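**Student:** Below is one structure. I have some questions about it.
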Amino acid sequence: MKNKYIVKDLGLIEYSLAYQKQKECLSQVIAGGKDTLLICEHPNVLTLGRLGKATNILNKQNIIPVIEVDRGGDVTLHSPGQIVIYPVFNLKHFKKDIRLYVNILEQVAIDFLGEFGISACRKPDEIGIYVENNKIASIGIGIKKWVAYHGISININNNINLFSDIRPCGLDVGMVSLSKLLARDITVDSIKVKIINIFERLFDLESVRINENI
Amino acid sequence: MKIFELKVPVLGEGIESAIVACWHFKEGDKVALEDDVVELVTAKASFSVPAGSAGILKKILIKEKQEAKISDVLAVIEVSG
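If you read the sequences in order, they're chains E and X. Residue 178 in our numbering sits at position 81 of the first sequence, with consecutive numbering throughout. Residue 99 in our numbering sits at position 12 of the second sequence, with consecutive numbering throughout.
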């Protein structure tokens, strides 16, 4: 039987507000509530994960807000046009296996890009998704009481040039977006249903509510 | 005096170790069963480890930024009661 879950589309939302929403969902899921998938975009923000190095923010005149967060991974950038997905999922449904869970998140990005005819892949010893040598999706998660939060971001039509201010995930790597690869503008709103469908297939989920706004 | 060893839990297939990101309590602090006492980082995930036993955090064996293997003892808790 499919696991019933809730989808919430938060739209364009400040990072701190979305984080608050995540923590509320986290408490609910830990207390036995339904798994919840939050989808959103953020205004420009840099987030620095646990053990992330501030030296990976290269632009010393950086004016983008920096927030230290309780997830794995190093520094990353969120900006409008990038879809950010926060699955607040009980990993007891996924064998309590962090590697398995991260693999499925990576597969979401691979399958999503595949629907546009783009061949994306993992890299050995790196977490994240690449098209040729450029990174298009980044992952960083937190886990409390075996419930995961934080998640995955995929560049859709965001300003890729902003990544030149940082070493994304602490790596010297180029970044790319879906719109850049297809040489046409794709909006985040136009791909949300695709992403949700892929999540439901790969995580064996059935939604009970959709597009519940905050 | 009863002692509880707080160990690095099994985190998933192929994950052999994790780095201690931060301790939320210090030696001598009282901890409750469900308190997240330490945060580990591995495979792009931060993982909060609950105390597992109520008592006093007697000794931290693996310090922040150090690596620990699965099942290594992170700390010793003196069990209350």
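Idealized CB from N, CA, C, for every residue including glycine. Predicted model, so just to flag it, every value in this text is computed and none were measured.
Kindly list, in the order they appear in chain E, the residues whose Cβ is closer than 7 Å to that of X/S167.
**Tutor:** Within 7 Å Cβ-Cβ: nothing; X/S167 doesn't reach chain E, min ~21 Å.
**Student:** Could you list which residues in chain X have their beta carbon closer than 8 Å to that of E/L109, in chain order?
**Tutor:** Under the 8 Å cutoff, chain X gives no residues; its nearest Cβ is about 25 Å from E/L109.
**Student:** From the DSSP output, in three-state form, read off E/L109 for me.
**Tutor:** Note: E/L109 maps to strand in three-state DSSP.
**Student:** Taking C-beta pairs closer than 8 Å, name the residues in chain X that E/L148 reaches, listed in chain order.
**Tutor:** Those are I106, A108, V128 and K152, listed as they occur along chain X.
**Student:** Starting from X/S135, find everything on chain E with Cβ-Cβ shorter than 9 Å and list it in chain order.
**Tutor:** Under the 9 Å cutoff, chain E gives D167, G239, I240, K241 and K242.
**Student:** By Cβ distance below 8 Å, which residues in the same chain neighbour E/K193 in space, the five residues on each side in sequence not counted?
**Tutor:** Closer than 8 Å at the Cβ level, and outside the excluded window around E/K193, lie W243.
**Student:** Mind pulling the chain X residues with CB within less than 8 Å of E/V199?
**Tutor:** By Cβ distance, chain X contributes A130, K131 and A132.
**Student:** Identify every residue that forms a DSSP beta bridge with E/T173.
**Tutor:** According to DSSP, which records beta bridges pairwise, E/T173 is partnered with E/T144.
**Student:** Closer than 7 Å by beta-carbon distance: list the chain X residues that pair up with E/D194, in chain order.
**Tutor:** G99 and E100, listed in chain order.
**Student:** Which ranges would you report for the alpha helix (DSSP H) in the segment 256 to 302 of chain E if only whole runs of at least 4 residues count?
**Tutor:** With a minimum length of 4 residues, the continuous alpha helix (DSSP H) runs that stay inside the segment 256 to 302 of chain E are 275 to 279 and 289 to 300.
**Student:** Flag this pair as yes or no: are the beta carbons of E/I236 and E/F300 separated by less than 8 Å?
**Tutor:** Going by C-beta atoms, E/I236 is not nearer than 8 Å to E/F300.
**Student:** Compare the C-beta of X/D123 against all C-beta atoms of chain E and say whether one is closer than 8 Å.
**Tutor:** Yes, because at least one Cβ of chain E sits closer than 8 Å to the Cβ of X/D123.
**Student:** If we cut at 8 Å on Cβ distances, does E/I224 have a partner in chain X?
**Tutor:** It does: the Cβ of E/I224 has a partner Cβ on chain X nearer than 8 Å.
**Student:** Determine the chain X residues that contact E/I236 at a beta-carbon separation under 8 Å, and present them in chain order.
**Tutor:** Those are K131, listed as they occur along chain X.
**Student:** For E/I311 and E/K120, I'd like the C-alpha separation in whole angstroms.
**Tutor:** Any reading at E/I311 must be qualified, since the residue scores a pLDDT of 39, below 50, and its modelled position is unreliable; no value is offered.
**Student:** Pick helix, strand or coil for E/I311, following the three-state DSSP scheme.
**Tutor:** Unreliable positioning characterises E/I311 in this predicted model, as indicated by a pLDDT of 39, which lies under 50. The coordinate reading is nonetheless provided below. The answer is coil: DSSP assigns E/I311 none of H, G, I, E or B.
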